[in-house]
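Sequential numbering from 17 applies to the sequence shown in my numbering.
The beta carbon of each residue, even a glycine, is placed where N, CA and C say it ideally should be.
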Amino acid sequence: MPVQSRPPKQLLLALLGDQVLDLPDQPVRAGAFIAALEGAGVAEPATRMALDRLARRGVLERRRRGREIEFALTADGVEMLGEAADRVRGSNPFHREPGWTLVTFSIPEGRRDLRHRLRAALTWEGFAPVRDGLWLAPGRVELVAALGHLADRLPEGAIAAFHAREIDGFPIAASVRQAWDIENIRATHRAFIDTWSDPRTVAEPGAALAASTMLVADWLALLRVDPGLPSAYMGEDWPAPESVALYQRLRAELAQPARAEFEDLTRSRAVAG
17 MPVQSRPPKQ LLLALLGDQV LDLPDQPVRA GAFIAALEGA GVAEPATRMA LDRLARRGVL
77 ERRRRGREIE FALTADGVEM LGEAADRVRG SNPFHREPGW TLVTFSIPEG RRDLRHRLRA
137 ALTWEGFAPV RDGLWLAPGR VELVAALGHL ADRLPEGAIA AFHAREIDGF PIAASVRQAW
197 DIENIRATHR AFIDTWSDPR TVAEPGAALA ASTMLVADWL ALLRVDPGLP SAYMGEDWPA
257 PESVALYQRL RAELAQPARA EFEDLTRSRA VAG
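Right, here's the structure in full:
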């Protein structure tokens, strides 16, 4: 299973989380984003469209300085990327505490936007629908932190959540296999390992920023697929530890040169915005 093509928005979010999140008050020229993503195979019109869409969603704020357009993270953008950063930068992102978290919710039909955002937030936290509006995630999920400001926008009583454990005589294995495609998770890990074990994937010197951005984008995609299910359900030779070790090694190798390249782009006035 090859790693899927990386959508421009996915690459832009990876770049923002990797290079901009720690400097949220520093606006970045559109030209710097264009140059950074060009190395990852994204054409200028696609980058501009991705920037515009994130600005319309309230993740970025558009500013004009002279003849140039700049973008800065909004408070909502910092919150969204910050929540993802905990897992992206975590030393063991696939480990969960024992037990399960169950969530059920009811949101009026007229608030489809809110329902969509809630489902997206739950999916990122490792939840999957089991049946009849019941969502399940491994471990103890701290929903208040996971939902952030979204929790304040939900109607009172919209969510009911519980932390539970399996009861003897009522194994949860069937529900786990129903909610998650175990073999697809395994295949996604193997695709990540196959792609990033190839020395040709980590490009030549001077392209560390592109390689780092693609690496983080692929890691984000993997984190969305693997919720960190208990090893008892995953079979022998589960590849997650190998994925983690590979990702952390490459991140360490690419971090400094990628940061230097991005800083050069943000300082340069040669790239038109």
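Quick one: which unbroken beta strand (DSSP E) runs of 3-plus residues sit fully inside the region 141-167? Chain order, please. Within the region 141-167, the complete beta strand (DSSP E) runs of at least 3 residues are 144-147, 150-154.
Count the other C-beta atoms from every protein chain shown that fall within 10 angstroms of the C-beta of Gly142, then say buried if there are 16 or more, exposed otherwise. Burial check for Gly142: the Cβ neighbour count within 10 Å reaches 16 or more, so the residue is buried.
By DSSP, does Phe110 sit in helix, in strand, or in coil? Residue state for Phe110 is assigned as coil, using DSSP reduced to three classes.
Kindly confirm or deny that the region 52-66 and the region 26-43 touch, where touching means at least three C-beta pairs closer than 8 angstroms. The region 52-66 vs the region 26-43: in contact.
Within 10 angstroms of its Cβ, does Val160 collect 16 or more other Cβ (buried), or is it exposed? Answer is exposed; the Cβ neighbour count stays below 16.
Grouping DSSP H, G and I as helix and E and B as strand, with all else coil, what is Val19? Here Val19 scores only 47 on pLDDT, less than 50, and its place in the model should not be relied on; the value that follows carries that caveat. Note: Val19 maps to coil in three-state DSSP.
Rounded to whole angstroms, what is the Cα-Cα separation between Leu130 and Arg103? CA-CA distance, Leu130 to Arg103, rounds to 24 angstroms.
DSSP three-state assignment for Glu258, whether helix, strand or coil: Three-state result, Glu258: helix.
Going straight from the alpha carbon of Gln42 to that of Gly185, what length do you get? If I take the Cα positions, the gap works out to 56 angstroms.
At the level of alpha carbons, what is the spacing between Ile341 and Val94? The structure shown does not extend to residue 341, since the chain is modelled only from 17 to 289, so the question has no answer here.
Given a cut-off of 8 angstroms on the beta-carbon distance, is the pair Leu290 and Ala88 in contact? The question about residue 290 has no answer here: the residues shown for the chain are numbered 17 through 289.
Between which two residues does the beta strand (DSSP E) harbouring Arg81 extend? Element bounds for Arg81: 76-81.
Considering only residues of the same chain and omitting the five flanking positions on each side of Arg69, which have a CB-CB separation below 8 angstroms? Here the set comprises Lys25.
Is Ala195 closer than 8 angstroms to Pro273 when the C-beta atoms are compared? Their beta carbons are not under 8 angstroms apart, which means Pro273 does not touch Ala195 by this criterion.
Straight-line gap, Phe278 to Gly126 (C-alpha atoms, nearest Å): Spanning the two alpha carbons is a distance of roughly 43 angstroms.
On the three-state DSSP scale, how would you describe Ile175? Per DSSP, reduced to three states, the secondary structure at Ile175 is strand.
Quick one: residues in its chain with C-beta nearer than 7 angstroms to the C-beta of Glu182, no 5 flanking neighbours on either side, listed in chain order? By the criterion of a C-beta distance shorter than 7 angstroms, Glu182 is surrounded in its chain by Ile188, once the five residues flanking it on both sides are discounted.
Pick from Phe121, His179, Ser191: whose alpha carbon is nearest that of Gly173? Of the listed residues, the one whose Cα sits closest to Gly173 is Phe121.
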